[in-house]
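The numbering of the sequence shown is full-length UniProt numbering, which starts it at 1 and goes up by one.
Before any comments, here is the structure.
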Amino acid sequence: MSDQRDPASTPSHSHGHGHGHGHGHGHGDHRPAHGIKAALGRITHAVKPHSHDTNDKTDSALEASSRGMRVLAISFAALMVTAAVQAVIVVASGSVALLGDTLHNLADALTAVPLAIAFSLGRRAATRRFTYGYGRAEDLAGIVIVLLITASAALAGYEAVQRLLDPQEMRAVGWVAAAAVVGFAGNEWVARYRIKVGKEIGSAALVADGLHARTDGFTSLAVLLGAGGAALGFPQADPIVGLLITVAICFVLRDAAREIYHRLMDAVDPGLVDDAERILATVEGVRRVGSVRLRWIGHTLHAEVEILVDHDMSVVAAHKVAVEAEHRLIHDLPRLRAATVHTDPDGPDGADHHATLTAHRTP
Numbered sequence: 001m002s003d004q005r006d007p008a009s010t011p012s013h014s015h016g017h018g019h020g021h022g023h024g025h026g027h028g029d030h031r032p033a034h035g036i037k038a039a040l041g042r043i044t045h046a047v048k049p050h051s052h053d054t055n056d057k058t059d060s061a062l063e064a065s066s067r068g069m070r071v072l073a074i075s076f077a078a079l080m081v082t083a084a085v086q087a088v089i090v091v092a093s094g095s096v097a098l099l100g101d102t103l104h105n106l107a108d109a110l111t112a113v114p115l116a117i118a119f120s121l122g123r124r125a126a127t128r129r130f131t132y133g134y135g136r137a138e139d140l141a142g143i144v145i146v147l148l149i150t151a152s153a154a155l156a157g158y159e160a161v162q163r164l165l166d167p168q169e170m171r172a173v174g175w176v177a178a179a180a181v182v183g184f185a186g187n188e189w190v191a192r193y194r195i196k197v198g199k200e201i202g203s204a205a206l207v208a209d210g211l212h213a214r215t216d217g218f219t220s221l222a223v224l225l226g227a228g229g230a231a232l233g234f235p236q237a238d239p240i241v242g243l244l245i246t247v248a249i250c251f252v253l254r255d256a257a258r259e260i261y262h263r264l265m266d267a268v269d270p271g272l273v274d275d276a277e278r279i280l281a282t283v284e285g286v287r288r289v290g291s292v293r294l295r296w297i298g299h300t301l302h303a304e305v306e307i308l309v310d311h312d313m314s315v316v317a318a319h320k321v322a323v324e325a326e327h328r329l330i331h332d333l334p335r336l337r338a339a340t341v342h343t344d345p346d347g348p349d350g351a352d353h354h355a356t357l358t359a360h361r362t363p
């Protein structure tokens, strides 16, 4: 993603300062370092060769996208193998329920397609039309995945009701149970893998896709429990468990939809805002911290912050404070890719440096 710089400041805001710095440094803890640890970190950073140019920012974003693509490829292969094993047993047993589960797993594997497209789009550089790049494509992919989870819940519920109204005899119960175990194990492994990496790279869409894989694992588990009930002479166990699993899928759907909704509405963890304010308050020359705005674009954070400095400070000195504030944010705030820092004069008493903008600002 290309570097985003704020336009030159107007005379009434001569201390304004904006950069689109990003970096390829890893972040372990999500909280800023303090005390001796922070001091040692800054000393190490000062003597260690590093850069914050466009190539570094692009490399960092590409690495996250590459991890996402790698997860999709591996999980796609795992689910295809799972579906293939189940398909062989479907042919041997003639189980309609297992056939539905097999097709379900195949559909889940195919959800990798919209995500792969989104990660590929996210690698494109920003343009004059898409000035923030194409990271939002991940959120669009997340919507598709939520719709697929919705369809999964509806299909599972429909099949459960149909089997309850019209019970079907199950043959080769042992093979069907084995296939159900394979389906559950395959989907749960894929779910854990996608959710883990999705959280590490900040991709809500990949997390949602992992939750989708988990719903398919529940469906496979329902086939297993239904097979157990059939073996014990209680054929109604299959549709009853299917209805319970449908309810579980709806809870997973709620979590996935809420995650995607938050991203679309630019919601962030309030703890990140608290962290940003603490980081800015430790910068030498910052008297007070004004507004702090954070937003996710794809799996990276972007920030817009205001800091107040001595009103007698020169433009050069204020710019230096803003650069240090941005630099500190980039290093101490997890997954922050770019920050725009605006400096305002603090004082003299009674002065309103934004009087001409008061009528244009929403409360």
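Ideal Cβ positions, reconstructed from N, Cα and C, are used throughout, including at glycine.
In whole angstroms, what separates the C-alpha of R335 from that of P270? 15 Å
Contact between the stretch 225-239 and the stretch 191-205 (3+ Cβ pairs under 8 Å): no
Only counting the same chain, and skipping five residues up and downstream in sequence, which positions put a Cβ closer than 7 Å to that of V182? T82, V85 and Q86
Give the single residue among V176, A276, V146 and A318 whose Cα lies nearest to the Cα of L301. A276
Nonlocal neighbours in the same chain, by C-beta distance under 7 Å from A92, ignoring five residues either side: A172 and W175
With DSSP collapsed to three states, give me the class of D346. strand
Considering only residues of the same chain and omitting the five flanking positions on each side of L308, which have a CB-CB separation below 8 Å? V286, R287, R288, V289, G290, T343, D344, P345 and D346
Between R263, T358, A213 and R295, which has its C-alpha nearest D139's C-alpha? R263
Compute the distance between the beta-carbons of L79 and I149, then report whether it is under 9 Å. no
Closest to A213 by C-alpha separation, out of T131, L155 and A185, would be which residue? A185
Could you tell me whether the stretch 106-121 touches the stretch 239-250, using the rule of 3 or more Cβ pairs below 8 Å? no
Looking at chain C, is there any beta carbon in it that lies within less than 9 Å of the beta carbon of R293? No chain C is present in this structure, which holds just one protein chain.
Between A191 and K320, what straight-line distance do the alpha-carbon atoms span, to the nearest angstrom? 46 Å
The beta strand (DSSP E) spanning H302 covers which residue range? T300 to D310
Could you check what DSSP says for L333 in three-state terms: helix, strand or coil? coil
Cβ-based burial, D166 [other Cβ within 10 Å; buried from 16]: exposed
How many whole angstroms separate the CB atoms of residue 416 and A303, which I take to be in contact at a CB cut-off of 8 Å? As displayed, the chain neither begins before 1 nor continues past 363, which places residue 416 out of reach and without an answer.
List the whole-angstrom C-beta distance separating P348 from H299, where the pair is believed to meet the contact cut-off of C-beta under 8 Å. That belief does not hold up - the Cβ atoms of P348 and H299 are roughly 44 Å apart, past 8 Å.
Following the continuous alpha helix (DSSP H) through G229, name the residue where it begins and the one where it ends. A204 to A231
What do you reckon, are the CB atoms on T246 and H104 nearer than 9 Å? no
Roughly how many angstroms lie between the CA atoms of A231 and L225, to the nearest whole one? 10 Å
Please report how far the alpha carbon of H353 lies from the alpha carbon of A317, in whole angstroms. 19 Å
Find the nearest neighbour of D255 within the set L244, A208, R293 and L155, judged by alpha-carbon distance. A208
Per-residue burial, D266 [other beta carbons within 10 Å of its own, 16 or more giving buried]: exposed
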